[in-house]
Amino acid sequence: MCAKRIYMPDPLAAVTDDLLMAHIPRGSRVIDLGCGDGRLLQRIRDDHDCSVLGVEVDMDQMVHAIERGIPVLKSDLDHGLELIPDGSFDFAVLSQTLQQVHRPLALFDEIFRIARSALVVVPNFGHWRVRLQVLLSGRAPVTDALPYDWFESPNVHFLTMLDFRDLATRGNFRVVRELPIIGDRAVDRAWMANARAHSALFLLERSTKLKNGTQTTQIAEIDAH
Amino acid sequence: MPVTAAPSPLDDTSLGDGLVSRQSITLFEPPHTLLLESGKRLGPITIAYETLGTLSPARDNAIVICHALTGDAHVAGRHKSDDRKPGWWDGFVGPGKGIDTDRYFVICANILGGCQGTTGPSSMNPATGRPYGLEFPFITVADIVNVHKALVEHLQIDKVLAVVGGSLGGMQVLEWAARYPDKIGAAIVLAAASRLNAQAIAFDKVGRRAIVTDPCFHNGDYYGQSETPRFGLALARMIAHITYLSEQSIENKFGRRLQGSAELAYDLLKETEFQIESYLDHQGKRFVDRFDANSYLVLTRVMDYFDLEATHGPLSQCLGRSNAKFLVVAYQDDWLFPTAHSEHIVRGLIQAGREVTFAELPGGHGHDSFLIDALYPELKRFVEPFLDSTYRRVSTNAAAMHR
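The listed protein sequences derive, respectively, from chains A and B.
Here the first sequence is numbered in this note's numbering, starting from 664 and rising by one per residue.
Here the second sequence is numbered in this note's numbering, starting from 108 and rising by one per residue.
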């Protein structure tokens with residue numbers, strides 16, 4: 664172990680689930696890409712009366728989802744979502760998964776083919792502790808939230824909140840809402856969010872954007888550092 | 108309406124100690140007949156079936172298992188304690204197994220047109236007093252399912268917890284869902300398709316050709332003759348058997364190993380040199396002892412004709428009518444029913460907003476993977492929790508209704 668782990672709140676903690684739940688209206692059709700053990704979908708189905716579908720590549724996790732009575736497709740997000748017909752869902756959830764996908768833009772093309780909106784939670788590698796760790800140790804960061812050495816990490820991309828915004832200008836979607844998660848709270852506006860948030864939630868909508876990247880996007884202004 | 112040694116519908120035909128007994132019931136007796144999909148009528152129809160486990164007082168734990176092309180009602184357990192082999196899915200069906208007979212009441216019946224106790228071409232035609240032979244009417248998967256639905260009704264079960272089957276059995280499951288959408292709680296479709304593709308029809312064609320060109324076929328009227336079309340039937344089976352296996356599985360099992368010899372004979376007249384040849388010969392020989400050539404003709408046509416969407420409309424509509432939960436499983440090296448066929452079913456179900464769980468498993472034994480002991484633990488990992496969550500939901504809903 665070359666790098667000492669630094670503390671970050673567990674991104675899988677209930678706070679993320681609560682936040683996602685809060686953005687999904689009752690009765691929606693929801694697909695969770697990388698649904699894990701189906702815990703979030705079970706809540707969405709039971710508490711919000713939604714019809715749900717999970718996608719999961721890991722067999723053990725998938726079995727847990729089946730135990731919860733959650734319908735789930737065994738599939739790798741890198742191989743597309745070609746099983747899912749156009750417009751089958753209102754919401755696609757992509758929670759702490761984007762950094763593990765090889766071709767994020769291709770995935771977003773697929774997401775907005777099958778769903779109208781997406782709720783995406785990404786780890787923010789722009790967090791000041793990560794920056795500090797890189798600066799002081801001179802090595803790739805290893806955190807509690809993403810506790811892998813670089814050579815065995817499932818995370819193939821390291822992005823920050825600002826990076827994600829850049830992506831949004833190139834994808835087929837627009838950012839409707841951006842919520843930095845600082846500590847165990849999601850906040851609407853935050854000073855130096857890109858340095859303070861360990862993760863961020865983005866609410867995205869399909870856009871019919873021009874190819875030159877111009878679009879009308881309303882993001883709550885955050886400090887960019 | 109019951110006739111032949113009819114047990115009470117409540118009887119559990121498993122005798123304890125893993126022993127089961129075959130039961131038989133005759134339905135569609137005069138004045139009733141079964142209206143076939145072809146428009147013809149057939150009756151009476153005898154149905155051979157076996158059950159395992161105990162039907163719950165609420166009659167809500169019944170699982171219908173649909174066998175494949177050449178299977179039978181003997182799904183699990185043994186008829187006699189000294190039987191050499193148990194039922195065809197014994198590794199997957201039984202106490203504590205993938206389909207747990209301590210919990211569920213399992214029904215498996217021989218299919219219409221078969222030759223293992225249910226009315227088929229080798230059964231006596233009441234109009235002539237002789238076996239039907241080729242007089243047996245043309246039947247379809249829908250007819251097979253209608254007969255089994257009648258059996259389930261006879262057993263006084265209104266709604267089955269699940270229908271399960273692989274290959275032709277999986278086609279029956281789909282037909283159940285399209286035809287009786289509110290009579291099933293779940294559907295488990297293994298290594299199947301919503302229609303048979305041209306390649307599979309082609310193999311069936313060659314098999315039928317082998318049978319009808321056998322000099323002993325006698326236009327299907329070979330019953331009671333000293334010679335039956337056993338060579339044609341064996342050849343049909345050998346061809347079909349190859350399609351059930353994968354390149355890798357027979358490579359691993361036989362490779363290029365020779366049968367009973369250390370070196371090649373350089374003798375054209377030596378029919379069996381390689382182990383794989385001997386294996387196929389053996390499969391063919393064993394098959395003719397248990398199967399009727401006319402049944403083989405009838406049932407391969409049943410498969411050829413199967414096209415759920417041609418009969419019932421797009422999958423998203425015909426499967427969308429059912430509230431059943433679906434579990435669809437494909438095997439990666441199944442080249443007879445490739446994964447794309449299962450994916451087509453899954454796509455239709457998602458489009459219809461139905462609940463579907465899908466996995467492509469590695470397999471390793473081609474189309475036959477759902478019948479391989481070594482692969483049952485993996486299949487069980489899906490089927491067991493799937494059935495459990497379905498049953499819990501059914502029980503909860505029933506409890507809520509009674510409150």
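In this text, a Cβ means the ideal position worked out from N, Cα and C, and glycines have one as well.
Could you name the residues of chain A that residue i contacts, counting a contact when the two beta carbons are closer than 7 Å?
| i | result |
| --- | --- |
| THR446 (chain B) | Here the premise fails: no neighbours, minimum Cβ distance about 10 Å. |
| ARG210 (chain B) | Result: empty, since nearest Cβ-Cβ is about 15 Å, beyond 7 Å. |
Output the boundary residues of the beta strand (DSSP E) element that contains residue i.
| i | result |
| --- | --- |
| PHE788 (chain A) | Element bounds for PHE788 (chain A): n/a, residue is neither H nor E. |
| LEU268 (chain B) | 267-273 |
| GLN130 (chain B) | 130-134 |
| LYS204 (chain B) | It is not in any beta strand (DSSP E) - LYS204 (chain B) carries neither H nor E in the DSSP assignment. |
| CYS215 (chain B) | 212-216 |
| VAL838 (chain A) | 836-845 |
The alpha helix (DSSP H) that contains residue i, what's its start and end?
| i | result |
| --- | --- |
| SER449 (chain B) | 446-458 |
| SER385 (chain B) | 382-397 |
| ASP695 (chain A) | From DSSP, ASP695 (chain A) is part of no alpha helix (DSSP H) but of the beta strand (DSSP E) over 692-696. |
| ALA856 (chain A) | 856-859 |
| GLY339 (chain B) | 337-351 |
| TYR156 (chain B) | Here TYR156 (chain B) belongs to no alpha helix (DSSP H); instead the beta strand (DSSP E) covers 152-159. |
| CYS425 (chain B) | 422-425 |
| CYS438 (chain B) | The question names Cys, yet the displayed sequence has Tyr at residue 438 (chain B). Element bounds for TYR438 (chain B): not the alpha helix (DSSP H) but the beta strand (DSSP E), 432-438. |
| ARG706 (chain A) | 702-711 |
Could you pull out every residue in the same chain whose Cβ sits closer than 6 Å to the Cβ of residue i, ignoring the five residues on either side in sequence?
| i | result |
| --- | --- |
| ARG708 (chain A) | VAL715 |
| THR497 (chain B) | GLY292, ALA293 and LYS432 |
| THR880 (chain A) | Only weak support is given to the placement of THR880 (chain A): the predicted model assigns it a pLDDT of 45, under 50, and the question is left unresolved by the model. |
| SER476 (chain B) | TYR438, GLY470 and LEU482 |
| PHE245 (chain B) | SER145 |
| LEU795 (chain A) | none |
| GLY201 (chain B) | ALA183 and THR208 |
Would residue i and residue j be called neighbours here (beta carbons separated by less than 7 Å)?
| i | j | result |
| --- | --- | --- |
| PHE609 (chain A) | VAL783 (chain A) | The structure shown does not extend to residue 609 (chain A), since chain A is modelled only from 664 to 888, so the question has no answer here. |
| LEU303 (chain B) | ILE251 (chain B) | no |
| LEU258 (chain B) | GLY273 (chain B) | no |
| HIS181 (chain B) | GLY194 (chain B) | yes |
| PRO492 (chain B) | GLU730 (chain A) | yes |
| ALA183 (chain B) | LEU268 (chain B) | no |
| THR247 (chain B) | PHE310 (chain B) | no |
| THR464 (chain B) | LEU434 (chain B) | yes |
| GLY205 (chain B) | TYR483 (chain B) | yes |
| ALA155 (chain B) | GLY224 (chain B) | yes |
| SER862 (chain A) | ILE845 (chain A) | no |
| VAL171 (chain B) | VAL270 (chain B) | yes |
Counting only the same chain and skipping the five closest in sequence on each side, list residues whose C-beta sits under 8 Å from that of residue i.
| i | result |
| --- | --- |
| GLY460 (chain B) | GLY427 |
| ALA364 (chain B) | For clarity, residue 364 (chain B) is Arg in the given sequence; the question names Ala instead. Hits under 8 Å: PHE381 and GLN382. |
| THR503 (chain B) | none |
| TYR811 (chain A) | VAL805, PRO817 and ASN818 |
| HIS451 (chain B) | ALA300, SER301 and LEU422 |
| GLN878 (chain A) | Caution applies to GLN878 (chain A), whose pLDDT of 48 falls short of 50 and renders its modelled position unreliable; the model cannot decide the point. |
Run through chain A and tell me which residues come within less than 9 Å of residue i, C-beta to C-beta.
| i | result |
| --- | --- |
| LYS432 (chain B) | GLY732 and PRO734 |
| GLU467 (chain B) | LYS737 and SER738 |
| ARG500 (chain B) | GLY732 |
Anything in chain B within Cβ reach of residue i, meaning under 7 Å, just list it in chain order.
| i | result |
| --- | --- |
| SER751 (chain A) | ILE457 and GLN458 |
| SER714 (chain A) | GLY460 |
Starting from the C-beta of residue i, find all residues in its chain whose C-beta is less than 7 Å away, skip the five residues before and the five after it, and write them out in chain order.
| i | result |
| --- | --- |
| ALA285 (chain B) | LEU415, HIS419, CYS425 and LEU426 |
| ALA778 (chain A) | ILE694, PHE752, ASP753, PHE754 and ALA755 |
| THR140 (chain B) | ARG148, LEU149 and GLY150 |
| GLU719 (chain A) | GLY697, CYS698, GLY699, MET725, ALA728, VAL735 and LYS737 |
| LEU921 (chain A) | No answer is possible for residue 921 (chain A): it lies beyond the span of chain A, which begins at 664 and ends at 888. |
| LEU404 (chain B) | ARG315 and ILE318 |
| GLY276 (chain B) | CYS173, HIS174 and ALA175 |
For residue i, which residues in chain B fall below 9 Å Cβ to Cβ?
| i | result |
| --- | --- |
| PRO817 (chain A) | Correct list: empty, because the minimum Cβ distance to chain B is about 20 Å. |
At a CB-CB cut-off below 8 Å, which residues of chain B make contact with residue i?
| i | result |
| --- | --- |
| VAL726 (chain A) | ARG488, PHE489 and PRO492 |
| LEU746 (chain A) | GLU450, VAL453, ARG454, ILE457 and PHE465 |
For residue i, go through chain A and note every residue whose CB falls closer than 8 Å to its CB, in chain order.
| i | result |
| --- | --- |
| VAL267 (chain B) | In chain order: nothing, as chain A lies at least about 18 Å away. |
| GLU416 (chain B) | Going along chain A, no residue has its Cβ under 8 Å from GLU416 (chain B), so there is no contact; the nearest lies around 15 Å. |
| SER476 (chain B) | Simply none; closest approach about 15 Å. |
| SER496 (chain B) | ILE729, GLU730, ARG731 and GLY732 |
Review point. When Cβ atoms are compared, which residues of the region 674-707 of chain A fall closer than 8 Å to chain B?
Key: Here the close residues are ARG692.
Point to revise | Residues within the region 773-794 of chain A neighbouring chain B, beta-carbon criterion of under 7 Å | key: Hits within the stretch: zero.
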